[in-house]
Each structure stands twice: as C-alpha cells, then as structure tokens.
Amino acid sequence: MDLSLTEEQLMIQETARRFADAELAPHAAELDLTKDYSRLAANCRKLAELGFMGLNIQGEYGGSEAGTVAFSLAITEVARRCASTAVTMSVTNMVAEVIQAMGTEAQKQQYLPELCSGAFTAGSFCLTESSAGSDPAAMRSRADAVEGGWRLSGTKQWITSAELAGVFVVWAVTDPEAPKGKASAVF
Ligand SMILES: Cc1cc2nc3c(=O)[nH]c(=O)nc-3n(C[C@H](O)[C@H](O)[C@H](O)COP(=O)(O)OP(=O)(O)OC[C@H]3O[C@@H](n4cnc5c(N)ncnc54)[C@H](O)[C@@H]3O)c2cc1C
66 MDLSLTEEQL
76 MIQETARRFA
86 DAELAPHAAE
96 LDLTKDYSRL
106 AANCRKLAEL
116 GFMGLNIQGE
126 YGGSEAGTVA
136 FSLAITEVAR
146 RCASTAVTMS
156 VTNMVAEVIQ
166 AMGTEAQKQQ
176 YLPELCSGAF
186 TAGSFCLTES
196 SAGSDPAAMR
206 SRADAVEGGW
216 RLSGTKQWIT
226 SAELAGVFVV
236 WAVTDPEAPK
246 GKASAVF
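The numbering used here puts the first residue of the sequence shown at 66, with every later residue one more than the last.
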C-alpha cells in the first residue's frame, strides 16, 4: 500500500506550516495570557480564507473537500504553533461536519457556507455538563419538541468558542424514558 502524501496534501501541510509560523507563532503566548478574543477571531478569519474551516465539507457548501489526512496535516501544523487556535479550528470543523452529516438540506445551506467562509467566526459543540464529560449518557440537558422547533433547558460547560460562535450544536436528551435516554443534536 502506498502511504505517501498526495501533492494536494503536501500543499495543504506546507500552507498550514507557513501560516502557523508567520501568523500564529508570534502571538500565541500573548493570546493565551490575555485571552484576547479579537486576536483569536482574526486567526479564525485567516483560517477560513485558507479553506481550513471546512476541510471535509463538500464544495457545494463552500468546503474544501480535502479529506481527513489533509485535515490531520493542517491541524498538526496549526497546533504546533498555537494550541488555542487549533482547538477552535478543530471544533469549528467538527461542528460543520456534524451539520453536514445530520442536518437537513435547509440547515446545511444556512450554516455551512457561513462556517466555511468565516462569516461565522467559529462554531461551538455543546456536549459537556458538570456530570457528563467522558460519559455523555449521564447528560441532563433536555430538548423538548415545541411548535416550530425545540425548547432547550440545562447547563453546559467547557464550550470552546462560546464567545465567538455563530452556530451551536447542542446535545440534549429528547426521550428521557428510553434506556439511557435518547440524545439528539439541535442546531
Ligand atoms: C481545551 C478543552 C476544550 C474543550 N472543549 C469542549 C467543547 O467545545 N465542547 C464540549 O462539550 N466539551 C469540551 N471540553 C470538555 C471535554 O470534552 C471534557 O473535559 C471531557 O469529555 C472529559 O470530561 P470531564 O472533564 O467531565 O472529566 P471526567 O469525565 O469526569 O473524567 C475525569 C477523569 O476520569 C477518567 N475517567 C472517566 N471515566 C472513566 C472510566 N469509566 N474509567 C476510567 N477512567 C475514567 C478520565 O479519563 C479523566 O482522567 C473541552 C475540554 C478541554 C480541556
């Protein structure tokens, strides 16, 4: 089996490395110390310009369709220089991929181009609760069906980019009577 990287994967790796060296490394320590969200937001916009906020999203929704190997190469280079920016990039890509996999066509059209283009600075993925981290089946947040949508109740914590996100994927129990509860994602 040939495991060598394709030209496109090498180009994405090189682009990410150059960007991280030039744009992230000089400000990474300051970003962590000051919690400067404007700096983080600027990093996110540049990542979107490079096509790194929707690396596994289909082109018709504004994504790069680069594949999981390319995603891994890009996130490795970004994380090497700025872990804070990398976790934001990682979660935003994850949010886009959840919406692509589980969203309705209308939701995909509404949210994916905004995430991929940087119109939304970031996306947030809301799973963790005070009693539900490694074990999401212990989740207590509820999503109750109401006319025209869902009513969410509960509390989440450790939500990356909550201050910056344009869309939140929120996990909540929709059927508390089901064995171990039934959880669904609400966008
Ligand atoms: C930088 C960062 C960003 C994050 N961003 C997000 C986010 O965007 N959205 C979100 O929803 N959450 C986020 N989280 C939360 C993260 O997903 C949780 O911290 C994680 O799921 C662990 O949950 P916990 O902290 O409650 O630890 P716990 O689940 O309480 O685990 C504590 C310790 O016990 C161990 N442990 C747990 N269960 C078992 C077991 N059955 N057997 C043996 N050992 C066990 C664990 O390995 C761990 O060492 C983030 C966390 C960090 C650090």
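We put the beta carbon where it would ideally sit given N, CA and C, even for glycine.
Quiz item: Mind checking Trp236: buried by the 16 CB within 10 Å criterion, or exposed?
Solution: Stepping through the sequence shown from its first residue, residue 236 is reached at position 171. Here Trp236 is buried: its Cβ has 16 or more other Cβ atoms, across all protein chains shown, within 10 Å.
Quiz item: Does the segment 201-211 come within contact of the segment 151-164, defined as at least 3 CB pairs closer than 8 Å?
Solution: Flag = no, the segment 201-211 and the segment 151-164 do not touch.
Self-check item: Reference Asn108; option with closest CA among Ala90, Asn121, Leu98 and Ile122
Solution: Numbered from 1 along the sequence shown, position 43 holds the residue referred to as residue 108. When only C-alpha atoms are compared, the closest one is Ala90.
Exercise. Give a single yes or no on whether Leu105 has its beta carbon closer than 8 Å to a heavy atom of ligand 1.
Key: Against the sequence shown, residue 105 aligns to sequence position 40. Ligand 1 has no heavy atom closer than 8 Å to the beta-carbon of Leu105.
Practice problem: Any chance you could list the alpha helix (DSSP H) runs of at least 4 consecutive residues sitting entirely within the segment 138-213, in chain order? | Solution: If one requires a minimum length of 4 residues, the alpha helix (DSSP H) runs lying completely within the segment 138-213 are 148-167 and 170-182, in chain order.
Quiz item: Measuring CA to CA, which of Glu212, Glu228, Val232 and Leu105 is closest to Lys173?
Solution: Numbered from its first residue, the sequence shown carries residue 173 at position 108. Nearest option by C-alpha distance: Val232.
Quiz prompt | Distance, Leu98 Cα to His92 Cα | solution = Along the sequence shown, one-based indexing puts residue 92 at 27. Along the sequence shown, one-based indexing puts residue 98 at 33. When rounded, the distance between both Cα atoms is 10 Å.
Self-check item: Beta-carbon proximity check, Ala139 vs Ile77, cutoff 9 Å
Solution: Counted from its first residue, the sequence shown places residue 139 at position 74. Counted from its first residue, the sequence shown places residue 77 at position 12. The criterion of a C-beta distance shorter than 9 Å is satisfied by Ala139 and Ile77.
Practice problem: Look up Phe233 in the DSSP assignment and say whether it is helix, strand or coil. | Solution: What you label residue 233 is simply residue 168 of the sequence shown in a count that begins at 1. Note: Phe233 maps to strand in three-state DSSP.
Quiz item: Taking 8 Å as the cut-off, does the CB of Ser226 come closer than this to any heavy atom belonging to ligand 1?
Solution: The residue given as residue 226 occupies position 161 in the sequence shown. Ser226 has its CB nearer than 8 Å to a heavy atom of ligand 1.
Practice problem: Could you please give the first and the last residue of the uninterrupted alpha helix (DSSP H) stretch that includes Phe117? | Solution: Locating residue 117 in the sequence shown gives position 52, where the first residue counts as 1. Secondary structure note for Phe117: it is in no alpha helix (DSSP H), with a DSSP letter that is neither H nor E.
Practice problem: Whole angstroms is fine: what's the gap from Gly219's alpha carbon to Leu68's? | Solution: On the sequence shown, position 154 is the one that residue 219 refers to. On the sequence shown, position 3 is the one that residue 68 refers to. Between the C-alpha atoms of Gly219 and Leu68 there is a straight-line separation of about 46 Å.
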